[in-house]
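I have placed the structure first, in the form of C-alpha cells, so that the comments after it can refer back to it.
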Amino acid sequence: MSPDHQLPVAIVGAGPIGLTTALGLAHYGVPFVLLDEDATLSSDTKAGTTLTRTLEIWNRYGCVEEILAAALRIDEIGDIDRATNTPRASVQLAELVNDTQFPFVINLPQQHMEPILAAALERAGGSVLTEHRLESFEIVDDHVVLTVETPLGVQQIEASHLLACDGGRSKVRDALGATVSGETLPERYMLIDVVVDLDVSNARDYPYLAYFADRSEWMVLIRQPDCWRFLFPLAQGAEQPGAEDMLVKVKQFIGEVDRIELVGSVVYNVHHRVADHWSADRKVFLMGDAAHLITPMWALGLNTGALDASNLPWRLAWVLRGWAEPSLLDGYEQEQRPVAINGSGEMAEAARKYMSHQRGAVTAAGSDWATAYTRTLLGVRLDVDGEGDWSMVMTSAEPPAVRAGDRAPDLALHGPLGRETIHGLCRESFAALYFTDVRRRPEIPVNDSPALKHYAISRWDAPLDSGLRDRSLFDPGSIATSRYGVPAETVVLVRPDGHIAAVAPMGPGVAEELYTGITGRPVPREVD
22 MSPDHQLPVA IVGAGPIGLT TALGLAHYGV PFVLLDEDAT LSSDTKAGTT LTRTLEIWNR
82 YGCVEEILAA ALRIDEIGDI DRATNTPRAS VQLAELVNDT QFPFVINLPQ QHMEPILAAA
142 LERAGGSVLT EHRLESFEIV DDHVVLTVET PLGVQQIEAS HLLACDGGRS KVRDALGATV
202 SGETLPERYM LIDVVVDLDV SNARDYPYLA YFADRSEWMV LIRQPDCWRF LFPLAQGAEQ
262 PGAEDMLVKV KQFIGEVDRI ELVGSVVYNV HHRVADHWSA DRKVFLMGDA AHLITPMWAL
322 GLNTGALDAS NLPWRLAWVL RGWAEPSLLD GYEQEQRPVA INGSGEMAEA ARKYMSHQRG
382 AVTAAGSDWA TAYTRTLLGV RLDVDGEGDW SMVMTSAEPP AVRAGDRAPD LALHGPLGRE
442 TIHGLCRESF AALYFTDVRR RPEIPVNDSP ALKHYAISRW DAPLDSGLRD RSLFDPGSIA
502 TSRYGVPAET VVLVRPDGHI AAVAPMGPGV AEELYTGITG RPVPREVD
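Position one of the sequence shown corresponds to residue 22 (this note's numbering), numbered consecutively onward.
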C-alpha cells in the first residue's frame, strides 16, 4: 500500500501512554487516529514523578521542553528513616551528567501532564477523538476494522494496526483472550495533595522527592509545582479517612504547621499483574496498563508504560515504510514483557518491602552512580537478541563497556555544524557509530539512506581534505569514547529508540549487515 493510501494506526486510550505513543507515530510520520471514550482528558489525581528515561523519550518525540517548563526538576531522591527522622544515603542524580542530557527527574501531576502532551500532539498535526468508545474490532486480511460508538452514531474505522492503551480494564485485552496473572495487594494506597508552606514559615528542607521508610507506616513525599503530595499505604479493610483525618495523618509526618489545606485525594488498588500475551497476528498490541499493572513505587508504573511507547512506534514505522519485515514487530513483546514481569514489577515490589522494612527488600546497587542509573531507568537493557539477556539494575560500580540491548549513553559531540548528541543522531534512523581515528582515513560509508546513518567518532577533528568532514564527530578528550568503553575500530549500531542493537569490529559493510539482520531487509537508499 502506498503512503498516500496508508491506513492509520488506531490507538485506543488517551492517557499518558496513548498520548506518548501517538506522539511517537507522529514523529515518524505514521498516520494514526487516537480514540478516547471520555469527553475530556482525565482530571484525577494520579502519577506525579517522571524518570529520566521517559524525559529522553519525550525529547525524541519533541515535547520535553513544554513538560520541563511546567515541572519541578529534582537532582536528589531522599531516603529518610521515619523512626529517627534522619536521612539515609540519598540518590544523587548529578552522578549522571556523562550519561544523559537530563541528569534529574521531574515532578508533575498526571492531570497537568496530559494536556501538555495533547497540545504537543496538536502541534504535530494530530488530535484526540473524544467520546469515541471502542465497541469491538476484527482482524480482516491485512488490517483491523474497529466498530466505534461516536457522538454521530456507530462508525467503522479501518486501521493498519490497533494499539490498546485503554488501561487496566482493557476491552482489547479481554477481546484477545489474554490472561492476566499476578497479585493485587491487600493494602491500598492513599494519595493526598495539600497546600502547605514547608519552605518559609514552616521550613523543613525536605528533598523534593523523599521516601520515609518505617515498619508501621511508610510515606512518600513529593513536592509538586504548586502543592505537596503525600502517598501512604491504607491498611487492608480500612475505610478511606475523611478530610480532617487525612490532614492529621500528614502532620504525623511533618509536624504541626501554621496552615494546611487539602486540595485533592484518591485511594486506589495496587497491582503487579501482567498479561500472558501482548499481541495478535502482528496487528493488535497491548501497551501500558493494558499489558501490565505495576505497583507505583519508585515511579515505575507510568514510566514502564513509557518504555512500551518508545519501543513499538519505530517498529511500526519501519514495517509500514517497507524498511523491515513484519517480524520486526515481534521484538516489542520479546523485549518489553520481561521488563514488566521480572523487571519493573519486582523492583517496585522490592521497593515497597524496603519502605516497610520487610524481608526481600531491594538491595543497593554497586555505587552511587549505579544507584542513580538504576533508579532513573537508564539501566534498562533489553533482550535485543532473543537470548533472555536483559536487566533492569546496574550492578557495576563504574560505567561498564556498552553491550547490545543497553540504552546508549547520551553524550555531546561536535559535528561540522555544531553540537550534536548521540540520541539526536538516532532520533529518526539507526545510527552506526564508528569509534576510530579519523587521521587514518577510515572507510566510513556515505550517508545515502534515510534508515541508517554513519558517523565516525574521534578525538581528532576531521581535516577538510579527509573526505570525512560531513560524517565525522569530534570527541574532545575522548569523553564519549571512554564512556562507551569499546575497543578502537569498533562500530556500535544504535536503534531509533536509543538502545544499542549490536557492537562489532569495524569492517566493510558491517553496519549494513547488522541492520539487515535486525530488519530482514536491505538498507533502503535515498531516491534522487
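Positions of the beta carbon are idealized from the N, C-alpha and C atoms, including for glycine.
Given the structure is predicted, the values throughout are model-derived calculations rather than measurements.
Residues that DSSP places opposite residue i in a beta bridge
i, result
"L454", "Y476, V513"
"W249", "V215, R244"
"V360", "According to DSSP, which records beta bridges pairwise, V360 is partnered with nothing at all."
"R460", "Looking at the DSSP assignment, R460 forms no beta bridge with any residue, so it has no partner."
"S493", "A477"
"I539", "According to DSSP, which records beta bridges pairwise, I539 is partnered with nothing at all."
"R209", "L255, N290"
"F53", "V30"
"T71", "I127"
Residue j beta carbon less than 9 Å from that of residue i
i, j, result
"R358", "W319", "no"
"V165", "S181", "yes"
"A345", "R542", "yes"
"L129", "L93", "yes"
"A185", "A47", "no"
"D297", "A199", "yes"
"I213", "G258", "no"
"I95", "R244", "yes"
"M368", "M415", "no"
"L114", "A452", "no"
"C84", "I137", "yes"
"P526", "D491", "no"
"T442", "D427", "no"
"D1", "F495", "No information on residue 1 is available, as it lies outside the stretch 22 to 549 that the chain covers here."
"I478", "T502", "yes"
"Y82", "A140", "no"
"L44", "G147", "yes"
"P517", "Y49", "yes"
"Y455", "V512", "yes"
"R194", "V291", "no"
"L321", "L399", "no"
"R294", "V149", "no"
Simplified DSSP state of residue i, which is helix, strand or coil
i, result
"R380", "Confidence is the limiting factor: at R380 the pLDDT is only 49, short of 50, which leaves the residue's position unreliable, though a coordinate-based value still follows. R380 falls in the coil class under three-state DSSP."
"P334", "helix"
"I500", "helix"
"D549", "In this prediction, D549 has a pLDDT of 42, which is less than 50 and means its spatial position is unreliable; nothing more can be read from the coordinates."
"S348", "helix"
"P37", "helix"
"G530", "coil"
"S191", "coil"
"G309", "helix"
"G45", "helix"
"V221", "coil"
"I32", "strand"
"I315", "coil"
"G11", "Missing from the structure shown is residue 11; the chain here goes from 22 to 549 and no further."
"Q273", "helix"
"S202", "strand"
"T171", "strand"
Length of the line joining the Cα atoms of residue i and residue j
i, j, result
"A472", "P545", "7 Å"
"F233", "K272", "14 Å"
"S23", "D120", "The predicted model places S23 with a pLDDT of 44, which falls under 50 and marks its position as unreliable, so this point remains unresolved."
"E159", "R103", "54 Å"
"N223", "I98", "21 Å"
"A523", "P421", "16 Å"
"R424", "V507", "9 Å"
"Q122", "L434", "12 Å"
"R225", "V216", "14 Å"
"E156", "I32", "14 Å"
"A385", "E533", "Here the model assigns A385 a pLDDT of 46, short of 50, so the residue's position is not dependable and the matter cannot be decided."
"D389", "E419", "9 Å"
"T73", "P463", "35 Å"
"R461", "Y476", "15 Å"
"E170", "D187", "15 Å"
"L255", "K270", "11 Å"
"A327", "S365", "12 Å"
"I178", "G189", "24 Å"
"P228", "E356", "34 Å"
"W239", "F253", "6 Å"
"T540", "G39", "25 Å"
"L535", "V405", "12 Å"
"I88", "M134", "7 Å"
Min CB distance residue i to chain D below 9 Å
i, result
"S286", "In the structure shown, chain D does not exist; there is a single protein chain."
Open item on the list: Quick check on the DSSP output: what are the complete beta strand (DSSP E) runs of length 3 or more inside the region 75-163, in order along the chain?
Closed with: 93-95, 97-102, 126-128, 154-161
Task: Whole runs of the beta strand (DSSP E) within the region 276-304, excluding any shorter than 3 residues - done: 281-296
Task: Whole runs of the alpha helix (DSSP H) within the region 397-471, excluding any shorter than 4 residues - done: 443-446
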